[in-house]
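One structure is given below, encoded as structure tokens.
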Amino acid sequence: MDQSIKTKCVQGGYRPGNGEPRQIPIIQSTTFKYNTSEDMGKLFDLEASGYFYSRLQNPTCDFVAAKIAELEGGTAAMLTSSGQAANFFALFNICECGSHIVASSSIYGGTFNLISVTMAKMGITVTFVSPDCSEEELNAAFQENTRAVFGETIANPALTVLDIEKFAKAAHAHGVPLIVDNTFPTPVNCRPIEWGADIVTHSTTKYMDGHGSCVGGVIVDSGKFDWMAHKDKFPGLCTPDDSYHGIVYAEKFGKEGAFITKATAQLMRDFGCTQSPQSAFILNLGLESLHVRMPRHVENGLAVAKFLKEQPQVVKVNYSGLEDDPYYALAQKYLPQGGCGVVSFELAGGRAAAEKFMKNLKLAAIETHVADARTCCLNPATSTHRQMTDEQLAEAGIPAGLIRMSCGLEDSADLIADLKQALEAI
Ligand SMILES: *Cc1c(COP(=O)(O)O)cnc(C)c1O
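Letter by letter, the sequence shown follows residues 133 to 558 in this note's numbering.
Structure, rendered in structure tokens:
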């Protein structure tokens, strides 16, 4: 019987047997004991599944990864040390020196930097496209050496909504997978695999943890992309891996298991960006209430967006749940229950107004974080982007008076009262 996502949030992944602990055990152990070298040898040859060293795999992390795979409707998943590590591994698992990526230009700054600066040093190039581009423009971005397409369901911080079907169609027409970072909606509000995405990533640091406790990430494989059908593009999955006695991942583990097995066996082995079992345990506590928290974040986001829309000190509000937002139609399609609790808005008075407004907030805290139970605000011009002039900011689509507000789980009446007094004080 296929269970509701609400039930999967609570009960997915770990299913204890008779007399076993009710809560996920924290296996705080670097290593695992075997009776014979032969037993352990089979693990190193990927002939048997099991644990030998927590840099590659740990049972606590695997229980939590299995829950997230169920939530996203995937076949396999792995936890990573951060969202950055998740996106890097998802791309680097199928890209190498000489490969090319097509990516939405509307993505998280850290990911933009990862792809455009750091991966460029590895010989991997990128063409950025507007998430709103036409199918023709999108198709024109592909090259002979394109190996992946990347986008964010709801972009942080631009809050654009990705037309997942459009991007999936173009990716598949060119024989490559679509990777979607689904951090902001979470699988409670959108499951990109149902719309054609092949790989889904998250910064679990955000809503999944939801309490500002642990930095982490996850990669989920849909198990749908047919690597062997595009053998020449994906030699890492479709030709023998000499570091594991010539295993061909796509043959031995099939469509369902190849991607995550390779990412674990090669990338975790060599880069070691693992999540600690302690963090995975805390992440799971967050997941148990994700389906209860997300509707409240959405409710508060919408209430705040509607309030801000009516204020004379505010010239613009970005929130795809508002009927006159440019992304309303896409949000209705992909996010019918709402997107997330993050709203951005522009103050009429520019930089000076933003500085005053931020100073006067009493409940919303000034933080670079988003997607926490506690409401927080950020003015990029005076914090994360303070090296840029007002002209440069305007060019980058981040006006000096822009505020990003991540609505938490408090009573929306209190959030609005705080905003009201801070706006009046400008
Ligand atoms: C925060 C964030 C990341 C990076 O995640 P970390 O856990 O901070 O490494 C990636 N993508 C999106 C959409 C994010 O919001």
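By construction, the Cβ of each residue, glycine as well, lies at the ideal position given by its N, Cα and C atoms.
Exercise for review: Work out the CA separation of T162 and G386 for me, nearest whole Å.
Suggested key: Along the sequence shown, one-based indexing puts residue 386 at 254. Along the sequence shown, one-based indexing puts residue 162 at 30. Taking the straight line from one Cα to the other gives about 29 Å.
Review point. Exposed or buried, which one is Q524 when buried takes at least 16 other CB atoms within 10 Å?
Key: Stepping through the sequence shown from its first residue, residue 524 is reached at position 392. Label assigned to Q524: exposed.
**Study point:** Spatial neighbours of G307 in its chain, beta-carbon cut-off 8 Å, leaving aside the 5 residues before and after
**Key:** Within the sequence shown, numbered from 1, the residue matching residue 307 stands at position 175. Cβ neighbours of G307 beyond the five flanking positions: A361, H362, K365.
**Study point:** C-alpha gap between E560 and A222, whole angstroms
**Key:** Past the edges of the chain, shown from 133 to 558, lies residue 560, and the structure says nothing about it.
Exercise for review: Please report how far the alpha carbon of T333 lies from the alpha carbon of L310, in whole angstroms.
Suggested key: For the purposes of this step, residue 333 is taken as the residue at position 201 of the sequence shown. For the purposes of this step, residue 310 is taken as the residue at position 178 of the sequence shown. Cα to Cα, the separation comes out at about 11 Å.
Check your understanding: Who are I286's beta bridge partners in DSSP?
Key -> Here the question's residue 286 lines up with position 154 in the sequence shown. Per DSSP, V293.
Check your understanding: Cα separation between L294 and S476?
Key -> Here residue 294 corresponds to residue number 162 of the sequence shown, with the count starting at 1. Here residue 476 corresponds to residue number 344 of the sequence shown, with the count starting at 1. L294 and S476 have their C-alpha atoms spaced approximately 17 Å apart.
Exercise for review: List the residues that DSSP assigns as beta-bridge partners of L310.
Suggested key: Taking the first residue of the sequence shown as position 1, residue 310 is located at position 178. According to DSSP, which records beta bridges pairwise, L310 is partnered with V281.
Review point. Which residues in the same chain as E202 place their Cβ atom closer than 7 Å to its Cβ, once the five residues preceding and following it in sequence are excluded?
Key: In the sequence shown, residue 202 corresponds to position 70, counting from 1. The answer, listed in chain order, is K140, G144, G145.
Review point. With respect to the beta strand (DSSP E) encompassing V125, which residues constitute its N-terminal and C-terminal limits?
Key: Outside the displayed range of the chain (133 to 558) lies residue 125, so it cannot be described from this structure.
**Study point:** Spatial distance of P289 from N150 (CA atoms)
**Key:** Translated into the one-based positions of the sequence shown, residue 289 becomes position 157. Translated into the one-based positions of the sequence shown, residue 150 becomes position 18. So the alpha carbons of these two residues sit roughly 46 Å apart.
Check your understanding: What number of angstroms, rounded off, separates the C-alpha of L131 from the C-alpha of H304?
Key -> Beyond the ends of the chain as shown, which are 133 and 558, falls residue 131; an answer cannot be given.
Check your understanding: Whole-angstrom Cβ separation of S213 and T406, contact assumed at under 8 Å?
Key -> By 1-based counting over the sequence shown, the position of residue 213 is 81. By 1-based counting over the sequence shown, the position of residue 406 is 274. About 6 Å separates the two Cβ atoms, so the contact holds.
Practice item. Indicate the three-state DSSP secondary structure (helix, strand or coil) for D374 in the structure shown. Key: Translated into the one-based positions of the sequence shown, residue 374 becomes position 242. Under the three-state reduction of DSSP, D374 is assigned to helix.
Point to revise | Exposed unless 16 or more other CB atoms sit within 10 angstroms - verdict on S544 | key: Your numbering for residue 544 matches position 412 in the sequence shown. Buried is the call here.
Exercise for review: Ignore the nearest five residues each way along the sequence and tell me which others in L440's own chain have a CB closer than 8 Å to its CB.
Suggested key: Position 308 of the sequence shown, counted from the start, is the residue given in the question as residue 440. Cβ within range, chain order: V446, V449, V475, F477, L551.
Check your understanding: Going by C-alpha distance, which of T516, L555, P512 is nearest A485?
Key -> Translated into the one-based positions of the sequence shown, residue 485 becomes position 353. Looking at the Cα atoms, L555 is the closest of the given residues.
Review point. Just the Cα atoms here: how many angstroms apart are T396 and Q189?
Key: Locating residue 396 in the sequence shown gives position 264, where the first residue counts as 1. Locating residue 189 in the sequence shown gives position 57, where the first residue counts as 1. Rounded to whole angstroms, T396 to Q189 spans 7 Å at the Cα level.
**Study point:** Whole-number beta carbon distance between G529 and T507, since they are thought to touch under 8 Å
**Key:** Position 375 of the sequence shown holds residue 507. Position 397 of the sequence shown holds residue 529. The pair is not a contact, with the Cβ atoms about 24 Å apart (cut-off 8 Å).
**Study point:** Per DSSP, cross-strand counterpart(s) of H232
**Key:** Your numbering for residue 232 matches position 100 in the sequence shown. As DSSP reads the structure, H232 sits in a beta bridge with T257, T278.
Exercise for review: Return yes when the C-beta of V281 is under 6 Å from any heavy atom of ligand 1, and no when it is not.
Suggested key: To locate residue 281, count along the sequence shown from 1; it is residue 149. Outside the cutoff, so no.
Exercise for review: Can you have a look at C229 and say buried or exposed, based on whether 16 or more other CB atoms are within 10 angstroms of its CB?
Suggested key: Locating residue 229 in the sequence shown gives position 97, counting from the first residue. The residue is exposed, with fewer than 16 neighbouring Cβ atoms inside 10 Å.
**Study point:** Simplified DSSP state of H362, which is helix, strand or coil
**Key:** Residue numbering aside, residue 362 sits at position 230 when the sequence shown is read from its first letter. Here H362 sits in helix by DSSP.
Exercise for review: Check whether the stretch 235 to 248 touches the stretch 422 to 442, taking contact to mean three or more Cβ pairs, one atom from each stretch, closer than 8 Å.
Suggested key: These segments do not touch.
**Study point:** Range covered by the beta strand (DSSP E) that runs through K448
**Key:** As a working note, residue 448 is residue 316 in the sequence shown. Taken as a continuous stretch (DSSP letters only), the beta strand (DSSP E) holding K448 covers 446 to 450.
Practice item. Name the one or two DSSP bridge partners that A497 has. Key: Within the sequence shown, numbered from 1, the residue matching residue 497 stands at position 365. In DSSP, A497 forms a bridge with C508.
Check your understanding: Shortest alpha-carbon distance to P367 belongs to which of K438, A503, Y381, F220?
Key -> Counted from its first residue, the sequence shown places residue 367 at position 235. Of the candidates K438, A503, Y381, F220, the one whose C-alpha sits nearest the C-alpha of P367 is Y381.
Review point. Going along the chain, which residues of its own chain have a beta-carbon closer than 7 Å to the beta-carbon of M340, five neighbours each way excluded?
Key: What you label residue 340 is simply residue 208 of the sequence shown in a count that begins at 1. Same-chain partners within the cutoff: T318, H334, L415, G418, L419, L422.
Point to revise | Rounded separation between G433 and C472 - CA only | key: The count along the sequence shown starts at 1 and reaches residue 433 at position 301. The count along the sequence shown starts at 1 and reaches residue 472 at position 340. Taking the straight line from one Cα to the other gives about 7 Å.
Practice item. Taking only beta-carbon positions, decide if G173 is within less than 7 Å of chain C. Key: In the structure shown, chain C cannot be found, because there is only a single protein chain.
**Study point:** Same chain only: Cβ atoms within 6 Å of A513, ignoring 5 sequence neighbours per side
**Key:** Here the question's residue 513 lines up with position 381 in the sequence shown. Taken in chain order, the residues that qualify are R483, L525, A532.
Exercise for review: Count the other C-beta atoms from every protein chain shown that fall within 10 angstroms of the C-beta of T278, then say buried if there are 16 or more, exposed otherwise.
Suggested key: Translated into the one-based positions of the sequence shown, residue 278 becomes position 146. Buried.
Practice item. Enumerate in chain order the residues of its own chain whose CB-to-CB distance from M254 is below 7 Å, with the five nearest sequence positions on each side excluded. Key: By 1-based counting over the sequence shown, the position of residue 254 is 122. Closer than 7 Å at Cβ, skipping near neighbours: C229.
Practice item. Return helix, strand or coil for A198, following the three-state DSSP convention. Key: Translated into the one-based positions of the sequence shown, residue 198 becomes position 66. Under the three-state reduction of DSSP output, A198 falls in the helix class.
Practice item. Rounded to whole angstroms, what's the CA-CA distance from D373 to C227? Just pull it up for me. Key: Taking the sequence shown and counting its residues from 1, the one referred to as residue 373 is at position 241. Taking the sequence shown and counting its residues from 1, the one referred to as residue 227 is at position 95. Taking the straight line from one Cα to the other gives about 15 Å.
Check your understanding: If you run the structure through DSSP and keep just helix, strand and coil, what is E478?
Key -> One-based indexing of the sequence shown puts residue 478 at position 346. Residue state, collapsed to three classes: strand.
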